[in-house]
Amino acid sequence: MTLHTLGPESTAQDERVIGKAYHVHLLPLMAAIPLAIAYFFDLKWVVAVSAALIIAQGHEAGGRLHEMCIRLRRTNILLRQHHPSGDGVL
7 MTLHTLGPES TAQDERVIGK AYHVHLLPLM AAIPLAIAYF FDLKWVVAVS AALIIAQGHE
67 AGGRLHEMCI RLRRTNILLR QHHPSGDGVL
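Sequential numbering from 7 applies to the sequence shown in my numbering.
This is how it looks when you write it as structure tokens:
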């Protein structure tokens with residue numbers, strides 16, 4: 007079977023790609039950074055740092071969307087392997 011999109015070839019590789027994106031230990035730090043900046047610096051620095059963190063979280067959301075696409079791709083490949091004619095799917 008030829009794959010129509012680029013991506014990992016096996017489920018183990020898929021899970022490694024997906025697992026690399028999780029950085030749960032950074033969430034408390036990212037929440038504390040604007041508070042620390044607000045304590046030591048002016049409002050313009052708080053706004054700048056908060057904007058940078060919002061952009062970083064947007065990038066993280068894009069990563070989660072990519073992860074969902076990888077899993078959807080894997081599901082489609084598995085469905086095609088089990089039902090090559092498409093008969094009886096759902």
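C-beta atoms are modelled at their ideal positions from N, C-alpha and C, and glycine is treated no differently.
{"Asked": "Rounded straight-line distance, which links the Cα of methionine 36 to that of arginine 80", "Found": "32 Å"}
{"Asked": "8 Å Cβ cutoff met for proline 34 and valine 52", "Found": "no"}
{"Asked": "Minimum C-alpha distance to alanine 18 - residue among Ala44, Arg77 and Leu85", "Found": "Arg77"}
{"Asked": "Helix, strand or coil at threonine 8 [DSSP, three-state]", "Found": "Caution is warranted here: a pLDDT of 43 is assigned to threonine 8, below 50, making its placement in the model unreliable, and the coordinate value is therefore given only provisionally. Reduced to three states, the DSSP call for threonine 8 is coil."}
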